[in-house]
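K.L.:
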Amino acid sequence: MAPMADYDPMIPRVARVRKTRREIADVATLEIDAGDFSFAPGQFDMLTVFGVGEAAISVSGDPADPSRLVHTIRAVGAVSRALVDLHVGAPIGLRGPFGRGWPMQEARGRDVIVVAGGLGLAPLRPALYRLFAERENYGRVILLYGARSPQDILYRDELEQWRGRLDAEVEATVDHARGEWRGNVGVVTGLVARAAFDARNALAMLCGPEIMMRFVADALGDRGVAPERIYLSMERNMKCAIGWCGHCQFGPVFICRDGPVFSYARLRGLLATKEL
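141 is the number of the first residue of the sequence shown in the working numbering; add one for each residue after it.
1) Considering only C-alpha positions, which residue in the set A218, A247, A317 is nearest to S403?
2) Using the DSSP secondary-structure output, state which residues sit across from T169 in a beta bridge.
3) To the nearest angstrom, how far is the alpha carbon of D176 from that of G319?
4) Among G217, G409, F337, R363, whose alpha-carbon lies nearest the alpha-carbon of P392?
5) For V154, count the other beta carbons within 10 Å of its own beta carbon; 16 or more makes it buried, fewer makes it exposed. Which is it?
6) Short of 6 angstroms in beta carbon distance, which residues of its chain neighbour T188, apart from the five on each side in sequence? Order them along the chain.
7) Who are the Cβ neighbours of C380 in its own chain at under 6 angstroms, not counting the five residues just before and after it?
8) Per DSSP, which residues does T313 bridge with? Please list them.
9) When the Cα of R397 is compared with those of L223, P231, P237, which residue comes out closest?
10) Where does M150 sit, in a helix, a strand or coil, going by DSSP?
11) Is the segment 336-344 close to the segment 252-270, with three or more CB pairs under 8 angstroms?
12) Rounded to a whole number of angstroms, what is the C-alpha to C-alpha distance between F337 and R288?
13) In the DSSP assignment, what residue or residues form a beta bridge with C347?
14) For T188, which beta-bridge partners are listed by DSSP?
15) Hey, how far is the Cα of A312 from the Cα of H387?
16) Could you tell me if D271 is buried or exposed, where buried requires 16 or more neighbouring beta carbons within 10 angstroms of its beta carbon?
This is how it looks when you write it as structure tokens:
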């Protein structure tokens, strides 16, 4: 696919849905046939369902495989519901990739703590692919994942594969459980205290509900991780993707242009302001 400078970023290109997969009741993963599509872990695209609208969706596929453009989407509004319902072969509008991604270069040589809540695992999955593909470049790799219930856990097969690795720590927890669940019960913040890492040389990547990220960031800070090495992915109401429309303004920053990934040091004061 041509680099972003070679086309108008406000005009969608037409691609096709290559494959769909229902992850859980209200979440589906779309694989889009868009040619060679390079992106950095943590970036997002603008996806259009013609006649319905456009939505910002994080890329959730493997950055090492530019032939497969993957997005995992929860049906929460008109556009996302239409995206989830698309069938194989359907046309789809595509703009992107946009935004600043996860600090993979800065993470090299450090212990890396990845903390995801709910659908927040999707924007972090490309970073996990990179961490595992280049495992020798990082210290400890820790994934802490929280979901509402066992039925809401994403990417079950991959989680089991990652849990079976001898060079990573993978823990999952659910807010509420019944039936055959034998894992952790409670908020994901509780897993931070038990994780083994060197706080002086650690970097954390967080994605999930804002309140979850605030509490996890504070828990990591209590362990001694510097705010400058805690990164959050924000997903507030992005419309134009290039900082023109102002819909995603968050204090002095625009989520689409300046993020969606920010250091906690930059956002801590903004997240504590209720009016924002």
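The beta carbon of each residue, even a glycine, is placed where N, CA and C say it ideally should be.
P.N.:
For this structure:
1) Nearest of A218, A247, A317 to S403, Cα basis: A247.
2) R161, T212
3) 44 angstroms
4) For the residues G217, G409, F337, R363, the minimum Cα distance to P392 belongs to G409.
5) V154 comes out exposed.
6) Correct list, in chain order: P152, E194, G233.
7) none
8) G286, N324
9) P237
10) coil
11) yes
12) 26 angstroms
13) C347 has A256 as its beta-bridge partners, per DSSP.
14) E194, G233
15) Cα to Cα, the separation comes out at about 34 angstroms.
16) Looking at the sequence shown, residue 271 is not Asp but Leu. Buried, because 16 or more other Cβ atoms sit within 10 Å of the Cβ of L271.
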